[in-house]
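Q: Numbering (the UniProt record's numbering), first residue to last: 1 to 109.
By construction, the Cβ of each residue, glycine as well, lies at the ideal position given by its N, Cα and C atoms.
My structure is below; once you've seen it, I'll send some questions.
Next comes the structure, spelled out in structure tokens:
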């Protein structure tokens, strides 16, 4: 889980040009099938020791996508909501196809 969380969090920070000092707090959730560790602990290992972190487990809903970690970062930013780049990786794109940016050469859904 730590590798996937690091990848997701790193892409969120990079795509939105967020600096460490911009982070206010981070809320992470994971689906009930993920039991190998706490997503927040993975973020801590990246060096975010002074940022409040919280984890929660997603509801166990029949038919829901499995093996999903979600991150909601509260950030001090000048970006308008429409300018925020939402990041979905490893099949999680199915959760919010309306927020996925088309890859180069593709059209939006």
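1. Whole angstroms is fine: what's the gap from residue 37's alpha carbon to residue 2's?
2. Does the region 62 to 78 come close enough to the region 19 to 28 to have 3 or more Cβ pairs within less than 8 Å?
3. Less than 7 Å between C-beta atoms, sequence neighbours within five positions excluded: which residues of the same chain meet that for residue 56?
4. Considering Cα atoms alone, identify which of 69, 31, 41, 19 is closest to residue 62.
5. So, for residue 67: in the same chain, excluding its five sequence neighbours on each side, which residues have a beta-carbon less than 7 Å away from its beta-carbon?
A: Here's the rundown:
1. Inter-residue distance for residue 37 and residue 2 is about 8 Å (C-alpha atoms, whole angstroms).
2. A contact exists between the region 62 to 78 and the region 19 to 28.
3. Close CB contacts of residue 56 within its chain, under the 7 Å cut and outside five residues either way in sequence, are with 29 (chain order).
4. Answer by Cα proximity: 31.
5. Around residue 67: 31, 33, 34.
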